[in-house]
Amino acid sequence: MELEQARKRAEELRVIIEKNNRLYYDQDAPELEDFEYDALNRELKQIETEYPELVTASSPTQYVGGTASSKFSKVTHAVKMESLQDAFSFDELREFDTRVREAGIRPEYVVEAKIDGLSVSLEYRMGQLVRGSTRGDGVVGEDVTENIMTIKDIPHELPDAPDFLEVRGEVYMPHSAFFKLKEQQELEDKTPFKNPRNAAAGSLRQKDSKITAERGLSIFVFNLQQCEGRTFRTHRETLDYIKSLGFPVSPRYSVFENIEDAIKEIEAIGEARGTLGFDIDGAVIKVNDLAARRTLGSTNKFPRWAIAFKYPPEVKESVVRNIEVTVGRTGVLTPTAVFDPIFLAGTSVSRASLHNGDIIANLGVGIGDTIKVRKAGDIIPEVIGVSARLPGNKPFAMPTTCPSCGAPVVHLQDETALRCVNPECPAQSLRNLIHFASRNAMAIDGLGEAVAVQLIDKGLVSTVADLYTLTEEQLLTLDKFKKKSAQNLLNAIEGSKRNNLDKLIFGLGIRNIGDKAAALLGEHFGSMDALRQATAEQMCEIDGFGEVMAQSVLEFFAKDGTTDLLNRLVRDGVNMQWTGEKKGTALAGMTLVVTGTLPTLSRQEAEALITQNGGKAAGSVSKKTSYVVAGEAAGSKLTKAQTLGIPVLDEAGLYQLIKDNGQ
Ligand SMILES: NC(=O)c1ccc[n+]([C@@H]2O[C@H](COP(=O)([O-])OP(=O)(O)OC[C@H]3O[C@@H](n4cnc5c(N)ncnc54)[C@H](O)[C@@H]3O)[C@@H](O)[C@H]2O)c1
Ligand SMILES: [Zn+2]
């Protein structure tokens, strides 16, 4: 490449890379797959190696990619949170080894899995967790202490800890938590996170720590940043020490005497990839000897004593045996390719979503064709192309009628998806019914998926209103149903009639209306009738309510069948009024933290009492806390309140406070 041509390409690449850095680090919503991004970075690095005169201080190859968002207060890291140099072939690892040996170091390496999440620093003073922060640009990160406090794996207190300790680790979302969240987001018609890494980053970088708490995040700690009063000789020793303090550490971290053995370990980790229960995006080789690390030092961006090997995305071929089309709760038709099982990134795979008709048309894929399937992250397989077409085969055509009910399907405005809009469609009825009965909605015990499937299949229920006319006789026709179980279910259905209005609003499955939005609507309008008559402007007056949500509510009431459905529910005695207390103002403007075991209230109940009275219930104590409500066995939060001089109440004191401030 000519210099001028190289300069032009380098500039182009920098613009693209910076744009994708913002999407990935700042918005937790990348558009490229990691290996696609890595390829761009590599190309830029190659140009800069060939033409060193083209390297600029602001090139993304020279600094850590993130920034600290203004959503959080900033933290300056005493020990810089560096990135890692990466390698895509074993030969590059051998070159790394040569560089280490050329610096006069006898190599001894630790190999660890590289967990795909986001990097955090945790600081402990006198054994108490005092701060958690993100990497940001490596020097300045974000203060996410409150959110960090909600992660169960992270100890709040360390026994026998030094006066000051800082560790670094990777917060990640296990596959189990990711699938749960994905299902929940789909049920609520929200765009699900693309992969566990983005889900972890998006969940940790939340303004509301309660949301973080619900997301099931975990951590692996992989480095000792600072430790007052103790010295260590090797990385291995520091990991043993971190583990002894109660932190989760990388599941395996063995020491190897030479690079070839280290490479074998990387291969072994690669083979175990799909079975770990969480995503890894590579493996890291680190020089074990800490003095040798100091000799090797760091560049502006990464240490010279470590290197990350990135596993290539695996691509394999298989033959499409079928394309199944299913109907979701909101009527969207989703095609799924079913193919001969192949082994990818450690697990057997035989299905991949084709998303919609446009994607099928772009791929040109039909039943019988040979496809290429890739697993980019560790869990979601993707069809990336057709490698051999069955002679004369045509791409699969999406059905023109609903595979569940046979009604004609439609393209709604601005959507690529096809939808079945028949309100009585059984596939949708099933998802609607499961949602209606779920815990945050009408909470009908005993009405899970298995029972819902039977109710629909036997034609006993087609809309949720049918639940309220079910008889014992009918329930006895269900699999495994005896008199007792039938009666229990009828009681649960009967009990649900008395639920507060928000449960019903949420249960109706209005697009974009989650349980929190339902509660806002219920409290604000007070009855279903008032809500039905509300205009978009009136809804938008509610704090926290947006235009899109308001439109969805209007659409719901305008839909065929809604009036009928609500009339039937009213006739059968389902409550349509807000029976919850209107929010009081006794604790307005105050932030309270509940800790320990209270004599009569559970922690949830105490927090509900606080919010019902206009206060904010927070998860951790800070200078902004107004009161700490402490019960028996209150731990670090109580100690912290005492150090900060924050008033402490018992349960009776909380009631008194509400009484004193109420009208
Ligand atoms: N898809 C996109 O658009 C996009 C954009 C930007 C970055 N990225 C991805 O982000 C990565 C580059 O980001 P980076 O600069 O953070 O570097 P990196 O992720 O390659 O390596 C550094 C990080 O690895 C983490 N890590 C996990 N386990 C570790 C262990 N056992 N020991 C040491 N560190 C461990 C650390 O937290 C550290 O921050 C690449 O994988 C890239 O593909 C993707
Ligand atoms: Zn249908």
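This note's numbering puts the first residue of the sequence shown at 3, with every later residue one more than the last.
For every residue, glycine included, the Cβ atom is placed at its ideal position computed from N, Cα and C.
Everything numeric in this text was worked out from a predicted model, so none of it was measured.
Next item on the list: Could you tell me the distance, in whole angstroms, from the CA atom of Thr209 to the CA atom of Ile515?
Entry: According to the sequence provided, residue 209 is Lys. The question's Thr does not apply to it. Approximately 20 Å, taken between the alpha carbons.
Margin query: At a threshold of 7 Å, does Val455 count as lining ligand 2 (C-beta to nearest heavy atom)?
Written below: no
Notebook entry, point to check: Comparing alpha-carbon positions, which option in Leu656, Leu568, Ala635 lies nearest Ala610?
Noted result: Leu656
Next item on the list: Confirm, please, whether the CB-CB distance from Val146 to Leu219 is below 8 Å.
Entry: no
Notebook entry, point to check: Between Gly67 and ligand 1, is the CB less than 7 Å from at least one heavy atom?
Noted result: yes
Check: Quick one, are the C-beta atoms of Val412 and Ile369 less than 8 Å apart?
Finding: no
Notebook entry, point to check: In chain order, what residues of the same chain have a beta carbon less than 6 Å from the beta carbon of Phe398, not counting five sequence neighbours either side?
Noted result: Ile325, Ile362, Gly368
Note to self: Can you check which of these residues, Lys288, Leu472, Gln456, Asp342, is closest to Phe224 by C-alpha distance?
What the structure shows: Lys288
Next item on the list: Apply the 10 Å Cβ neighbour rule to Pro404 and answer buried if 16 or more other Cβ atoms are within range, or exposed otherwise.
Entry: It is worth fixing the name first, because residue 404 is Cys in this sequence and not Pro. Looking at its Cβ environment, which holds 16 or more other Cβ atoms inside 10 Å, Cys404 is buried.
Checklist line | Nearest-angstrom Cα separation, counted from Gln579 out to Leu556 | finding: 19 Å
Item checked: Those runs of the alpha helix (DSSP H) which lie wholly inside the region 585-661 and span at least 4 residues -> 605-614, 638-646
Note to self: Quick check: the Cα distance between Gln130 and Leu124, rounded to an integer number of angstroms?
What the structure shows: 10 Å
Checklist line | Own chain, CB closer than 7 Å to Thr564, minus 5 neighbours either side, in chain order | finding: Phe558
Item checked: Extent of the continuous alpha helix (DSSP H) to which Ile309 belongs -> That residue, Ile309, is in no alpha helix (DSSP H); its beta strand (DSSP E) goes 308-311.
Check: Leu62: buried (16+ other C-beta within 10 angstroms of its C-beta) or exposed?
Finding: Checking the sequence, you will find Pro at residue 62 rather than Leu. Counting Cβ neighbours within 10 Å, Pro62 comes out buried, since at least 16 surround it.
Item checked: Beta carbon of Leu523 nearer than 8 Å to that of Leu533 -> yes
Check: Between which two residues does the beta strand (DSSP E) containing Asn225 stretch?
Finding: 220-229
Check: Is Ala443 near Phe508, with beta carbons less than 8 Å apart?
Finding: yes
Next item on the list: With distances taken Cα to Cα, identify the nearest neighbour of Lys76 among Arg108, Thr58, Asp139, Gly279.
Entry: Asp139
Check: Mind listing, in chain order, the residues whose beta carbon lies closer than 6 Å to a non-hydrogen atom of ligand 2?
Finding: Val329, Cys404, Ser406, Cys407, Ala409, Cys422, Asn424, Cys427, Ala429
Next item on the list: State whether the region 290-305 contacts the region 383-399, with contact taken as three or more CB pairs (one from each stretch) at a distance under 8 Å.
Entry: no
Margin query: How far does the alpha helix (DSSP H) with Gln476 in it extend, from its first residue to its last?
Written below: 474-477
Next item on the list: Write down the C-beta distance between Asn663 and Ala588 rounded to the nearest angstrom, noting that I regard them as a contact closer than 8 Å.
Entry: 4 Å
Next item on the list: May I have the straight-line CA-CA distance separating Thr537 from Ala203, to the nearest angstrom?
Entry: 36 Å
Checklist line | Between the CA atoms of Arg232 and Pro164 - distance to the nearest angstrom | finding: 8 Å
Notebook entry, point to check: Hey, which unbroken runs of the beta strand (DSSP E) at 3 residues or more fall wholly within the region 159-227?
Noted result: 166-174
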